[in-house]
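Protein chains in written order, with the working numbering: chain V, 34 to 401; chain G, 10 to 293; chain R, 368 to 924.
Structure record follows, encoded as structure tokens.
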Amino acid sequence: MTFMERLLAWRNERGAFGFYAVLLATAVLVPLLNLAVPEGSPLHMSTYTVTLVGKYMSYAILAVAVDLIWGYCGILSLGHSAFFALGGYAMGMYLMRQIGTRGVYGNAELPDFMVFLNWSELPWYWQGFDMFWFAAIMVLLAPGLLAYVFGWLAFRSRVTGVYLSIITQALTYALLLAFFRNEMGFGGNNGLTDFKEILGFDLKAPGTRMALFLATALALGVAFAAGRMITGSRLGRVVQAVRDAESRTRFIGYRVESYKLWLFVFSAMLAGVAGALYVPQVGIINPGEFSPINSIEVVIWVAVGGRGTLYGAVLGAVVVNYAKTWFTTVLPDIWLYALGTLFVVVTLFLPQGLVGLISKLKLRRGAA
Amino acid sequence: MNVPHAFSRLIPARLRPSPRSGDVFERHNPPGLDLSHNTVLYLEDITVSFDGFRALNKLTLYVEAGELRCIIGPNGAGKTTMMDVITGKTRPDSGTAWFGQTIDLLGMSEPQIAQAGIGRKFQKPTVFEQHTVFQNLELAMAGDKSVWKMLFAKLSPAQLLRIDEVLETIGLKEHRGALAGVLSHGQKQWLEIGMLLMQEPQLLLVDEPVAGMTPQETERTAELLLSLAGKHSVVVVEHDMDFVRSIARQVTVLHEGSVLAEGSIDEVQNDPRVVEVYLGEPRC
Amino acid sequence: MKGPDVETNMQLRRNQQRRYRGRFALLCRPLLLFMLWLGGAVAWAQAPAGNEFDTAVASLPTASYMDKEALAGQIARSGHPQAQALLQGWLDGKLYADASGHIWLEGEGGYVDPASGSAGKVEADDLEKIGTNNRLRKGLKGMLAQFALASPTASARIRAVREMRRELDESAVAALQARLQQETDAAVTNEIELALALAELQAGEPSQRLAAIASLDGDRSAEVYNSLSQMASGDEADADAQVRAAALAAVRSIESWRSFYQGVETLLFGLSLGSVLVLAAIGLAITFGVMGVINMAHGELIMLGAYTAYVMQLLLPNHIGLALLLSIPVAFIVSGLAGVAIERGIVRHLYGRPLETLLATFGLSLVLQQLVRSVFSPLNRSVQTPGFLSGSLQFNDLLSVTWIRLYIVLFMLIVFAALWLTLNKTSLGLKVRAVSQNRRMATAMGIATSRVDAMTFGLGSGIAGIAGVALSQLTNVGPNLGQAYIIDSFMVVVFGGVGNLWGTLIGGMALGVTNKLLEPWVGAVMAKILVLVFIILFIQRRKQGLFPQKGRAAEGH
């Protein structure tokens, strides 16, 4: 094997191993520190922090989704915040229906905002969301279907590159505007919030929080494994071939649009799952999640971590979001400067992200 | 062609009796490819214009099954555009293109055409630079190329053997694990030929295969193409007249988007019209 | 997002108010008359005798709004020489009462007694304003109009008549009739006759009404329309069938004119929105269309232009109009230099990598937004509108358009023409086109391509700055100004056809008009959504936009 290949193989295997190890450690340590260590102890981890880590992990799933489509297939989607938000809304609708008579207006059927708007009955698209399994299917189906319709149109007519980025952004923007409308029946500006319980468990209870945290960790592990399975398969190699030389791939007999569509839909569903896990942990979903800026932010997580490696995407999501948490509490005015500069620096100087930087440094040390 | 020109305008060529229907070649026909009239490719009256410029002007060309055909012509004669039309990259303004008796190329997309059995090697070698040599060949391998198949695809021992065989043929066995991006120009040319072989096409379109090759490599390429002819049909576009002379049985000269002359290399080279077109081009 | 929405929202609200006001007037008129009568009766009871003026003024501090209206009528009728000054002062909010209930009028030099005009010594702190409400103000205006009817200038008299038309009670009719006797100006006479016809329409005998309907033909004002439609709907018991039919026909005619002018108005609104879109997008048509560089900070360059206008007005606080005019070239330079810096610093290193360019310039847009927040505050700043841009052009009773909407169309056309000439008639333009068509050949011909790149990018950015100055007159100037326009701008360029200035012009106008045409049907937000969805679908069918760039060069983008 040549040097480059060995480097690639080392990066992938080591990286994946490292990811699983860290994830497992997190999944064991966090519950211990939160539940087993008494509250007074300096080692105790607050439920707030647990939620924060859970939030990072759902962002990491979103980053994996974006990395699959951008890092591996070269499609810069600025629509993933929409898929994330759609998954989130599907979960939010379930949680809304669970409130039942405990809302301000005490209406068993209608969420508060509908009563407020003088709606007399539940719109048809809210039917079924009182059942968890139905909502769970919709978490996949809603973003999946949107991605399918959009992708079918766009890939078939060979809209590529920046054009695709711009129209995905326009799509997200259109959805943002739509969800802001009260008439849409998704709570308008305020979105969905004031959730009480999930599957009968109180959302405020530490036990439920921990269960959600573990579910997110599990989902992240599964998403990562699925991503690795895809990228390691021949399908993955075709997709990367599409990224590097699209028309060449066509000429050796691959229907490029089918591959793009498949991966786009998978990635959108993954983003939907991330959104669905995010909502019960943060307790709210509003149209702001559709904001085009969010989509671009996800891209920058992946770029910072290192696109084209799944663990790089996860690393980037955690690092950037940790930085965001830190900055917005300590130096709120500086955050946008930092984020903006990060965009510029990473694209100009770190095309392979942190992962590339680390392996370059290791190589240099190894050579010396 | 034996059929008189006027006659050929009345009856589509694929319905005409084949002049050499007695010839027997050892070949495997993919499903759907009907070679019963022994002609693999029919291009008739193909016209392509870009902004008023006619890249192809009522081009009519037939390629027989198992034939090795060389196409020459000065720059801008329409050679690459012709290949674009055959492989579905460019849609002609008018004309017909059939692959065998039953496959209408004009209604098909690039991957469909590739799957039907037409392989193409580009003028500028384009290999997948981020993939290894082995993976490049694996990607090009003939077979069902649907998404779900690819997700769970495993190489069978026969397929592995086939890849090794091609690696041997193109002389890249040592580099099977190397990234294609690090290969030399000549090696990329070979790799691309190898990918073409992996596709097992009925018709190979080869655009300037020996550009940038050493004389030894050129010789090996000539041998390879000759060995392919018979089993497959091969259309070669090349500027290098020595190379053309070494492989060609039948040569077609394109000029300003249509066929100027057709015949053996000697006939073509002595054709006054061809001489006129090429006058001043020192390579010929 | 905020910019265009704010505009459309205001538009909506205005429409609603207009509708509401119309309905309110219809419903409330009988009620109003009743109240007037009641108020008068009460006031009468309080002041059975004596000087009308003095008693009315004295009762002002304690009177309710309902009483005040009657008191105002009493003052107007009193014939007191100070009556007009007092009512005008009242309308202007300069009438006060002190703790003892004495009334003071705020004059130039201080507070005066309204009856005598003599100055008094009062502390501003002790005074309480004699309040007014909407209805009272309307009444006051009507009474003052009657005074103005005696004004020496004809235009003032016409204004007075028009004001009186709004509320034609008996005293107003009497005043108008009296004035008609002595009026010498033909235009004023005509105006008075129309007003009297309107009065007859409202209160006359059937035959008079018929005559009035005939003589009011062609008058499409709101008062005439309201009276006619009231009559046509048969709300008034005494309207006979013939009158009703005539009124109905007249109403129909006015309504068809109304919808015609509404169409014209929508079209004008659409053209002005389209002009805004074209202005915002046209710089992008250079950087994205001609150079193929995707600059997500384009919106922030527009924002810089708008803030330039703000700063210029701060620097020249006494010459707002001049400051605005000067800020056009200054904004071009500011945004242009920013653009050159962006090109040299970032974009240049990323040629051929459009997706990376997108990300880097997006990062830059975040920095610029935050910079503006740090320097100017996160709140919106207001850029003032100079006199020559404000006001509206009144075509007739049914159609008036604010000047700014017309100017924006004109301004856009000027900018477009200047840009077109620059690209097609100057050597810079020639070089720009040469580089965009064949970079290597251009280099071979001795064109300093990297310099041309910087200049082109600067040109596109400078135009964005100019657009920002224009936008500062239409929308809030804040850190989010740029974001509001970036998606729209890209949509316009892509829809019109990349690399084609005419495409941007026609595309922007088409989208603007479509948006405004949809708005009455589906609402402002939904119209925007539909337009976005339409473009998304359109791009699928025609990737190259409305006016595709031809030839092989187009494939490079």
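All C-beta atoms, glycine included, are put in the ideal place defined by N, C-alpha and C.
None of the values given here were measured: they were computed from a predicted structure.
Return yes when the Cβ of Val72/G is within less than 7 Å of the Cβ of Ser242/G, no when it is not. For this step, residue 242/G is matched to residue 233 along the second sequence. For this step, residue 72/G is matched to residue 63 along the second sequence. A contact, by the Cβ cut-off of 7 Å.
Leu543/R versus Ala891/R - alpha carbon distance: The residue labelled residue 543/R in the question sits at position 176 within the third sequence. The residue labelled residue 891/R in the question sits at position 524 within the third sequence. Near 44 Å, if we compare the C-alpha coordinates of Ala891/R and Leu543/R.
Using CA atoms only, rank isn't needed, just tell me which of Ile687/R, Val799/R, Leu640/R is closest to Gln751/R. Looking up residue 751/R in the third sequence gives position 384. Nearest C-alpha to Gln751/R: Ile687/R.
Are there 16 or more other CB atoms within 10 angstroms of the CB of Lys895/R, so buried, or fewer, so exposed? In the third sequence, the residue the question calls residue 895/R occupies position 528. Under this definition Lys895/R is a buried residue.
Do you know offhand how far Gly305/V's Cα is from Val335/V's? Within the first sequence, numbered from 1, the residue matching residue 305/V stands at position 272. Within the first sequence, numbered from 1, the residue matching residue 335/V stands at position 302. About 17 Å.
Would you check if the distance between the CB atom of Leu263/G and the CB atom of Ala64/G is smaller than 7 Å? The residue labelled residue 263/G in the question sits at position 254 within the second sequence. The residue labelled residue 64/G in the question sits at position 55 within the second sequence. Result no, Cβ atoms of Leu263/G and Ala64/G do not sit closer than 7 Å.
Residues of chain R with CB closer than 7 Å to the CB of Gln202/V, please, in chain order. For the purposes of this step, residue 202/V is taken as residue 169 along the first sequence, with counting starting at 1. Chain R residues near Gln202/V: Ile854.
State the Cα-Cα distance for the pair Ser588/R and Gln609/R, rounded to the nearest angstrom. As a first step, residue 588/R is located in the third sequence; it is residue number 221 there, counting from the start. As a first step, residue 609/R is located in the third sequence; it is residue number 242 there, counting from the start. Pairing Ser588/R with Gln609/R, the inter-Cα distance amounts to about 22 Å.
Relative to chain A, which residues along the segment 268-280 of chain V have a C-beta separation below 7 Å, given in chain order? Considering every chain present, this structure includes no chain A. Its protein chains are V, G and R.
Please report the distance separating the alpha-carbon of Gly440/R from that of Met510/R. Within the third sequence, residue 440/R is the residue found at index 73, counting from 1. Within the third sequence, residue 510/R is the residue found at index 143, counting from 1. Distance between the alpha carbons of Gly440/R and Met510/R: 7 Å.
Label Gln225/G either buried or exposed according to how many other C-beta atoms from any shown protein chain fall within 10 Å of its C-beta, with 16 as the threshold for buried. Here residue 225/G is taken as the residue at index 216 of the second sequence, counted from 1. Flag for Gln225/G reads exposed.
Check whether the segment 214-229 of chain V and the segment 145-158 of chain V touch, using three or more Cβ-Cβ pairs below 8 Å as the test. yes
Arg398/V, buried or exposed, once every other Cβ within 10 Å from all chains shown has been counted against 16: As a first step, residue 398/V is located in the first sequence; it is residue number 365 there, counting from the start. Classification for Arg398/V: exposed.
With 16 other Cβ atoms within 10 Å as the buried cut-off, status of Tyr196/V: Numbered from its first residue, the first sequence carries residue 196/V at position 163. Tyr196/V is buried by the Cβ-count criterion.
Contact between the segment 490-499 of chain R and the segment 461-473 of chain R is defined here as three or more beta-carbon pairs at a separation below 8 Å; is this criterion met? yes
Going by beta-carbon coordinates alone, are Ala123/V and Ala175/V separated by less than 7 Å? Here residue 123/V corresponds to residue number 90 of the first sequence, with the count starting at 1. Here residue 175/V corresponds to residue number 142 of the first sequence, with the count starting at 1. A contact, by the Cβ cut-off of 7 Å.
Please identify the residue among Ile559/R, Ala613/R, Asp586/R whose C-alpha is closest to the C-alpha of Pro573/R. The residue labelled residue 573/R in the question sits at position 206 within the third sequence. The shortest Cα separation from Pro573/R among Ile559/R, Ala613/R, Asp586/R belongs to Ala613/R.
Should Asn418/R be labelled buried (16 or more other beta-carbon atoms within 10 Å of its own) or exposed? As a working note, residue 418/R is residue 51 in the third sequence. By the neighbour-count rule (16 or more Cβ atoms within 10 Å), Asn418/R is not buried but exposed.
For Thr789/R and Pro721/R, I'd like the C-alpha separation in whole angstroms. Against the third sequence, residue 789/R aligns to sequence position 422. Against the third sequence, residue 721/R aligns to sequence position 354. Roughly 26 Å separates the two Cα atoms.
In terms of residues, what are the limits of the beta strand (DSSP E) holding Gln761/R? On the third sequence, position 394 is the one that residue 761/R refers to. For Gln761/R, the enclosing beta strand (DSSP E) covers residues 759-761.
Span separating the alpha-carbon of Leu547/R from that of Ser445/R: Numbered from 1 along the third sequence, position 180 holds the residue referred to as residue 547/R. Numbered from 1 along the third sequence, position 78 holds the residue referred to as residue 445/R. Cα-Cα distance, rounded: 22 Å.
Could you have a look at Tyr592/R and say whether DSSP puts it in helix, strand or coil? What you label residue 592/R is simply residue 225 of the third sequence in a count that begins at 1. In this structure, Tyr592/R counts as helix in the three-state DSSP scheme.
Cα-Cα separation between Glu490/R and Asp480/R, rounded to whole angstroms: As a first step, residue 490/R is located in the third sequence; it is residue number 123 there, counting from the start. As a first step, residue 480/R is located in the third sequence; it is residue number 113 there, counting from the start. One C-alpha to the other measures close to 14 Å.
Note down, in chain order, each residue of its chain lying with its Cβ closer than 6 Å to the Cβ of Tyr92/V, except the 5 sequence neighbours on either side. For the purposes of this step, residue 92/V is taken as the residue at position 59 of the first sequence. Taken in chain order, the residues that qualify are Ala350, Asn354.
Any idea if Gln160/V is buried or exposed, counting beta-carbon neighbours within 10 angstroms, 16 or more meaning buried? Here residue 160/V refers to the residue found at position 127 of the first sequence. Result: exposed.
Roughly how many angstroms separate the alpha carbons of Arg748/R and Phe234/V, rounded to a whole number? Locating residue 748/R in the third sequence gives position 381, counting from the first residue. Locating residue 234/V in the first sequence gives position 201, counting from the first residue. C-alpha separation (whole angstroms): 49 Å.
Here's the rule: buried if 16 or more other CB atoms are within 10 angstroms of the residue's CB, otherwise exposed. What is Val182/V? Looking up residue 182/V in the first sequence gives position 149. Exposed is the label assigned to Val182/V, since fewer than 16 other Cβ atoms lie within 10 Å of its Cβ.
Within 10 Å of its beta-carbon, does Asp100/V have 16 or more other beta-carbons around it, so buried, or fewer, so exposed? The sequence position of residue 100/V within the first sequence is 67, counting from 1. That one is buried.
Taking only beta carbons into account, state which residues of the segment 129-147 of chain V come closer than 7 Å to chain R, listed in chain order. none
Applying a beta-carbon distance threshold of less than 7 Å, which residues of chain V neighbour Gln144/G? Against the second sequence, residue 144/G aligns to sequence position 135. By Cβ distance, chain V contributes Arg270.
Does Arg611/R come out as helix, strand or coil in the three-state DSSP assignment? For the purposes of this step, residue 611/R is taken as the residue at position 244 of the third sequence. If DSSP states are grouped into helix, strand and coil, Arg611/R belongs with the helices.
Check whether chain G comes within 7 Å of Phe284/V, counting only Cβ atoms and requiring the distance to be less than that. As a first step, residue 284/V must be located in the first sequence, where it is residue number 251. It does; some Cβ of chain G falls within 7 Å.
Which residues, taken in chain order from the segment 333-349 of chain V, show a beta carbon closer than 8 Å to some beta carbon of chain G? none
State the Cα-Cα distance for the pair Asn66/G and Leu214/G, rounded to the nearest angstrom. Numbered from its first residue, the second sequence carries residue 66/G at position 57. Numbered from its first residue, the second sequence carries residue 214/G at position 205. For Asn66/G and Leu214/G, the distance between alpha carbons rounds to 20 Å.
By the DSSP assignment, the beta strand (DSSP E) with Val844/R in it spans what residues? For the purposes of this step, residue 844/R is taken as residue 477 along the third sequence, with counting starting at 1. Looking at the DSSP string, Val844/R is not in any beta strand (DSSP E), and its letter there is neither H nor E.
What's the gap between the Cα of Met893/R and the Cα of Ile263/V? The sequence position of residue 893/R within the third sequence is 526, counting from 1. The sequence position of residue 263/V within the first sequence is 230, counting from 1. Approximately 40 Å, taken between the alpha carbons.
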